[in-house]
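Take a look at the structure below.
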Amino acid sequence: MDTPPPFWLDDFKILYVNKNYISFFPSENMTKNEQLNSITRFGIYLFILLLIFSDNNNWLFFPILIIVISIFLRKTDNFETFYKKNESKQQASISFQEPTPTPNKIKKKGKKLKCTPPTLNNPFMNILPTTNPKRSKACDPLDQEIKKEITTEFNKDLIQKPINLFENQTAMLPFYTTAVTEIPNNQTAFAEWLYGNNENCKTDTQYCLKNSDVKYNKSKW
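Taking full-length UniProt numbering, I'd label the letters of the sequence shown as residues 1 to 221.
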């Protein structure tokens, strides 16, 4: 495979070796470097002709401008190539570091629970507009292991103060895991919680005591 010709700033001889001096008008069959080299030759020839036949030296700036434009186009092309390469590397790095959240299996007391764990983009495991409809329900946010994961993901990229007595807990106050974490929502379970025979204050008043009697709340004091 033939090596493509270089740009004339990289090798000035490319402007005249191998009868290249006769190519001073770009065509579609040329490579980008060949086209820019042809434009540069045209600018040089025009400069020489104006220098010989023109009495107005102001016209000499026109071929110089042509050569400068060819250099600018080359530098711009190099910049775009460099930018695209860096952009592709950054996208690959982001996709590697932050994979699309998928249902994971989290071990708990020897069992594996299939659920959606906390992630950097969604630490509270809630349903977002971009959420995959086939995802599993969120892991139990009251579980101690899940709580630690939520805190870890939430605190990432946050500016930490030298002395933080509350470990950013105050920043987490406005956020929580909603009751509905799967698509579609479990309407049957919600209806049973509302109208089912559950052991709670709304169905049996004896269960209201633990909310009012101090002896039921000894662990809090």
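Just so you know, even glycine gets a beta-carbon here, dropped at the ideal spot from N, CA and C.
Here the structure is a predicted model, which is why all the values come from computation and not from measurement.
Open item on the list: Once the 5 residues before and after Q187 are set aside, which same chain residues still bring their CB inside 7 Å of it?
Closed with: none
Open item on the list: Taking 9 Å as the threshold (C-beta atoms), are N20 and R41 in contact?
Closed with: yes
Task: F72 classed as buried or exposed, judged by whether at least 16 other C-beta atoms fall within 10 angstroms - done: exposed
Task: A171 burial status per 10 Å Cβ neighbour count (16 or more: buried) - done: exposed
- [ ] Compare the Cα-Cα distances from N37 to each of I150, I52, L15, L49 and report the closest residue.
- [x] L15
Open item on the list: How far does the alpha helix (DSSP H) with E153 in it extend, from its first residue to its last?
Closed with: 144-155
Open item on the list: Quick check on C115: does DSSP put it in helix, strand or coil?
Closed with: strand
Task: T3 beta carbon near the ligand ZN (any heavy atom closer than 8 Å) - done: Looking at this structure, you won't find the ligand ZN or any other ligand, since it has none at all.
TODO: Helix, strand or coil for A179, going by three-state DSSP, please let me know.
DONE: coil
Task: Cross-strand partners of A138 (DSSP beta bridge) - done: T116
Open item on the list: Please classify E149 as buried or exposed, where buried requires at least 16 other C-beta atoms within 10 Å of its C-beta.
Closed with: buried
Task: Any C-beta of chain B under 9 Å from that of T31 - done: Absent from the structure is chain B; it holds one protein chain and no more.
Task: Outcome for P99 when other beta-carbon atoms lying within 10 angstroms are tallied against a minimum of 16 - done: Low confidence applies to P99: its pLDDT is 46, below 50, so where it sits in the model is not reliable, and the reading given next is rough at best. Result: exposed.
- [ ] Figure out for me which residue from K75, F53, D55 has the closest Cα to the Cα of W8.
- [x] K75
Task: Among F47, G43, N126, T203, the one whose alpha carbon lies nearest that of T178 - done: N126
- [ ] Enumerate in chain order the residues of its own chain whose CB-to-CB distance from S95 is below 8 Å, with the five nearest sequence positions on each side excluded.
- [x] Interpretation of S95 is limited by its pLDDT of 44, a score under 50 that renders its predicted location unreliable; no figure is taken from the coordinates.
Task: Simplified DSSP state of D204, which is helix, strand or coil - done: coil
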